[in-house]
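One structure below.
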Amino acid sequence: MFFALNFFNILKRTEMAALVALLVVSLAAAAFVGTQNYVADAPVLSTPNAAALTFTYAFVIGCGPAFLLGAPLYSALHQCGWATWSAATALGVLPGMLFLLLDAERLFAQWFLVCGLAVALLTHAVYKRWQR
Numbered sequence: 002m003f004f005a006l007n008f009f010n011i012l013k014r015t016e017m018a019a020l021v022a023l024l025v026v027s028l029a030a031a032a033f034v035g036t037q038n039y040v041a042d043a044p045v046l047s048t049p050n051a052a053a054l055t056f057t058y059a060f061v062i063g064c065g066p067a068f069l070l071g072a073p074l075y076s077a078l079h080q081c082g083w084a085t086w087s088a089a090t091a092l093g094v095l096p097g098m099l100f101l102l103l104d105a106e107r108l109f110a111q112w113f114l115v116c117g118l119a120v121a122l123l124t125h126a127v128y129k130r131w132q133r
């Protein structure tokens, strides 16, 4: 019983840290795409629309892997005492590596790899900061 209660407390903290990390990474992706759109010769969308669309996609698409895969696995690793930077790195690139098998052009898989890694490492950093 104690194991389950402790795990769910860790999971709650991990999901809050993942939410913070996902928001930060989504904002960074939006800023990157907005800047790329601003300097483009013939942008398809206005800069604010491109940034807003990128933020929305990054956040909505990132919620599934972050909350359904990353946070529970990280919580289990933390429960066992194995939550390290290398474990967070492995959890971060896992969805992108799986997506490489499905994405023929590798465009979205690159975004999954970079953003997933950033979210996982930032989640680990935020969780460790809150643990002090």
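In the numbering used here, the protein residues as written are 2 to 133. Ideal Cβ positions, reconstructed from N, Cα and C, are used throughout, including at glycine.
Residue i vs residue j beta-carbon contact at 8 angstroms
i, j, result
"residue 73", "residue 12", "yes"
"residue 67", "residue 19", "yes"
"residue 91", "residue 125", "no"
"residue 31", "residue 55", "yes"
"residue 122", "residue 89", "yes"
"residue 127", "residue 22", "yes"
"residue 14", "residue 131", "yes"
Beta-carbon proximity list for residue i, same chain, < 7 angstroms, skipping 5 on both sides
i, result
"residue 109", "100"
Cβ distance (whole Å) where residue i is taken to contact residue j below 8 angstroms
i, j, result
"residue 27", "residue 53", "The pair is not a contact, with the Cβ atoms about 11 angstroms apart (cut-off 8 angstroms)."
"residue 94", "residue 114", "6 angstroms"
"residue 116", "residue 35", "No, residue 116 and residue 35 are not in contact; Cβ-Cβ is about 16 angstroms, not under 8 angstroms."
Limits of the alpha helix (DSSP H) - the one that residue i falls within
i, result
"residue 61", "48 to 65"
"residue 97", "86 to 101"
"residue 110", "108 to 132"
"residue 73", "72 to 81"
Contacting residues, own chain, Cβ-Cβ under 8 angstroms from residue i (five flanking each side not counted)
i, result
"residue 65", "none"
"residue 8", "76, 77, 80"
Proximity test, residue i beta-carbon vs the ligand ZN heavy atom, cut-off 7 angstroms
i, result
"residue 94", "As far as ligands go, the structure on display features none, and thus does not contain the ligand ZN."
Beta-carbon proximity list for residue i, same chain, < 6 angstroms, skipping 5 on both sides
i, result
"residue 98", "none"
"residue 119", "26"
Three Cβ pairs or more, each shorter than 8 angstroms: is that satisfied between the stretch 37 to 55 and the stretch 73 to 93? no
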